[in-house]
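Read in order, the letters of the sequence shown are residues 799 to 874 in the numbering used here.
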Amino acid sequence: MVTSPTLLIVGSEDPVVVEVNRQALGSLRCEKRLEVIPGAGHLFEEPGALEHVSELAAEWFARHLRRAGAGAHEAG
Numbered sequence: 799m800v801t802s803p804t805l806l807i808v809g810s811e812d813p814v815v816v817e818v819n820r821q822a823l824g825s826l827r828c829e830k831r832l833e834v835i836p837g838a839g840h841l842f843e844e845p846g847a848l849e850h851v852s853e854l855a856a857e858w859f860a861r862h863l864r865r866a867g868a869g870a871h872e873a874g
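Quick look at the structure:
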């Protein structure tokens, strides 16, 4: 069972993977989010797509790692 906050990022031009990720999202019992990058395929090769993915991931990790770090300091 996944308990860590989970960010799923998919390209809108890969409908099979979008659907699989939507199903996975429904199964997760943790903080979760699905981001669909408009006009992107599964490799995010389109202009600007990979940059969009990296921005979303950076924001997600910054928020969740900051929380995890705060919890570790309180426990220590």
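Each residue gets a CB set at the ideal place from its N, CA and C atoms; glycine is no exception. Bear in mind that the values here come from a model prediction, so they are computed numbers and not experimental data.
Buried versus exposed, by CB contacts within 10 Å (16 or more), residue i
{"i": "Gly837", "result": "exposed"}
{"i": "Gly809", "result": "buried"}
{"i": "Ala847", "result": "buried"}
Inter-residue Cα distance where the pair is residue i and residue j
{"i": "Arg827", "j": "Thr801", "result": "7 Å"}
{"i": "Ala855", "j": "Leu805", "result": "8 Å"}
{"i": "Arg861", "j": "Ile835", "result": "20 Å"}
{"i": "Pro845", "j": "Pro813", "result": "19 Å"}
{"i": "Gly874", "j": "Glu843", "result": "Confidence in Gly874 is poor, its pLDDT being 49 and thus under 50, which makes the residue's placement unreliable; the coordinate value appears in the next sentence. Those two C-alpha atoms are separated by around 43 Å."}
Within 8 Å, strictly: CB atoms of residue i and residue j
{"i": "Pro803", "j": "Glu829", "result": "yes"}
{"i": "Gly839", "j": "Glu811", "result": "yes"}
For residue i, the three-state DSSP class (helix, strand or coil)
{"i": "Glu811", "result": "coil"}
{"i": "Ala856", "result": "helix"}
Quiz item: What runs of the beta strand (DSSP E), each 3 residues or longer, lie entirely inside the stretch 810-841?
Solution: Taking only runs of at least 3 residues, the beta strand (DSSP E) segments lying wholly in the stretch 810-841 are 830-835.
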